[in-house]
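*Asks:* Okay, here's the structure, questions in a sec.
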Amino acid sequence: MIYLFSPLLKNLIYLLQLNLTLKDSRGGNFTVEEDLLIVSAWLNTSLDVVQGNEHKLKTYWARLWEYFHKYKNFESERTQVSLMNRWSTIQLAYKQILWMLCSN
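Last residue of the sequence shown: 98 in the working numbering, with the numbers rising by one and none dropped.
Here you go:
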């Protein structure tokens, strides 16, 4: 299992949160802890050598949802769809931050 709570990753998630909050009025609904766990769930689910990464979309997000709810240590009743949408938002914000960092 991969744990993603390094200071560098936390700083990146804080930047993502700031970027998401500024651009998306609904971005404040997710906490930093939820975002970290979504990223961790995505990595652990994607890199699972036993299961592989050739899942059907529905199966993949069901496994990610199970991971998220198994390892959360906070209140959250997120659905598969909300996690999938948040992951898309995180990816977009991450790409924007990388673009900003690379263009300086």
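Glycine included, C-beta positions come from ideal geometry on N, C-alpha and C.
I believe LEU77 touches TRP55 by the beta-carbon criterion, under 8 Å. Please report the beta-carbon distance rounded to the nearest angstrom.
*Replies:* Right, their Cβ atoms sit about 7 Å apart.
*Asks:* Taking buried to mean at least 16 other C-beta atoms within 10 Å of its own C-beta, is VAL33 buried or exposed?
*Replies:* By the 10 Å Cβ count, VAL33 comes out buried.
*Asks:* With LYS64 as the anchor, note down where its alpha helix (DSSP H) starts and where it stops.
*Replies:* Element bounds for LYS64: 51 to 65.
*Asks:* LYS64: beta carbon under 7 Å from a heavy atom of the ligand GDP?
*Replies:* Looking at this structure, you won't find the ligand GDP or any other ligand, since it has none at all.
*Asks:* Can you give me the Cβ contacts of PHE68 inside the same chain, cut-off strictly under 8 Å, excluding the 5 residues immediately before and after it?
*Replies:* THR25, GLU27, GLU28.
*Asks:* Please list the terminal residues of the continuous alpha helix (DSSP H) segment that includes SER34.
*Replies:* Segment 26 to 40, the alpha helix (DSSP H) holding SER34.
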